[in-house]
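Chemist: In my numbering, the protein residues as written are 37 to 242.
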Ligand code: CUA
């Protein structure tokens with residue numbers, strides 16, 4: 037007989053599936069459904085990828101808003117960067133720009149703030165050091181996060197998105213004070229330096 041593409045070739049795949057194949061298919065399908073359910077569950081319960089508040093914003097308007105915020109709540113200056121102490125519960129603005137974070141934030145432990153992040157030039161990365169807290173800082177978008185600092189201390193902000201020749205110098209600071217004492221010395225002022233000291237104490241070399 038002349039075989040053409042119109043005729044089914046002889047084969048075995050239209051026979052009913054074997055029992056073991058059905059079992060494995062069922063297991064694979066059930067696991068797919070588990071992973072599918074994990075996506076929304078992890079979003080809601082996992083404490084990761086928090087839902088932010090996003091708004092479009094003109095970079096120049098954001099810069100003006102940050103300057104207004106600094107003028108309202110400035111309490112000092114460190115190395116040319118203003119230090120601000122906004123009241124608990126308020127909106128807090130942080131600006132990423134080539135190559136600095138403005139301003140230095142002084143917050144109270146245990147108080148909730150809405151932290152706004154945006155950039156006026158290129159993409160930057162907000163990384164709260166020494167924690168693994170990372171957010172994209174994108175020009176044109178105001179990204180708001182509800183945050184509650186839990187422990188007093190001085191924390192670094194490192195840019196983790198390559199943004200030009202000064203990228204490695206783009207470090208900022210968040211100071212969290214104990215509302216009772218107004219002090220931030222629950223943690224060493226320089227966590228990286230303290231870690232090195234600890235290493236030296238353990239017999240390592242600096
Ligand atoms: Cu900003 Cu790297």
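Glycine included, each C-beta is placed from N, C-alpha and C at the ideal position.
The structure displayed is predicted, hence computed values, not measured ones.
Would you call the region 102-113 and the region 136-147 in contact, with 3 or more CB pairs under 8 Å?
Modeler: Judged by Cβ distances under 8 Å, the region 102-113 makes contact with the region 136-147, as three or more pairs qualify.
Chemist: From which residue to which residue does the alpha helix (DSSP H) around residue 102 run?
Modeler: Where residue 102 is concerned, the enclosing alpha helix (DSSP H) stretches over 95-109.
Chemist: Taking only heavy atoms of ligand 1 into account, decide whether any of them is closer than 7 Å to the Cβ of residue 50.
Modeler: No, Cβ of residue 50 sits at least 7 Å from all heavy atoms of ligand 1.
Chemist: Could you tell me if residue 124 is buried or exposed, where buried requires 16 or more neighbouring beta carbons within 10 angstroms of its beta carbon?
Modeler: Exposed, by the Cβ-count rule.
Chemist: Take residue 131 and list the residues in its own chain whose beta-carbon comes closer than 6 Å to its own, dropping the five residues that flank it on each side.
Modeler: Hits under 6 Å: 102 and 138.
Chemist: Is residue 178 buried or exposed, if buried means 16 or more other CB atoms sit within 10 Å of its CB?
Modeler: Buried, because 16 or more other Cβ atoms sit within 10 Å of the Cβ of residue 178.
Chemist: Is residue 149 close to chain D, meaning its C-beta is less than 8 Å from at least one C-beta of that chain?
Modeler: Protein chain content of the structure displayed is limited to a single chain, and chain D is not contained in it.
Chemist: What is the DSSP secondary structure of residue 239, counted as helix, strand or coil?
Modeler: Residue placement at residue 239 is poorly supported in this model, since its pLDDT is 46, which falls under 50; the coordinates still yield a value, given next. Coil.
Chemist: If we ignore side chains and look at the alpha-carbon of each, how far apart do residue 209 and residue 115 end up?
Modeler: Spanning the two alpha carbons is a distance of roughly 12 Å.
Chemist: Which term fits residue 242, buried or exposed, when burial requires 16 or more other beta carbons within 10 angstroms of its beta carbon?
Modeler: Any reading at residue 242 must be qualified, since the residue scores a pLDDT of 38, below 50, and its modelled position is unreliable; no value is offered.
Chemist: Cβ of residue 190 within 8 Å of Cβ of residue 220?
Modeler: For residue 190 and residue 220, yes; Cβs fall inside 8 Å.
Chemist: Using only the heavy atoms of ligand 1, determine whether one of them is closer than 7 Å to the beta carbon of residue 132.
Modeler: Yes; taking the cut-off as 7 Å, the Cβ of residue 132 has a heavy atom of ligand 1 nearer than that.
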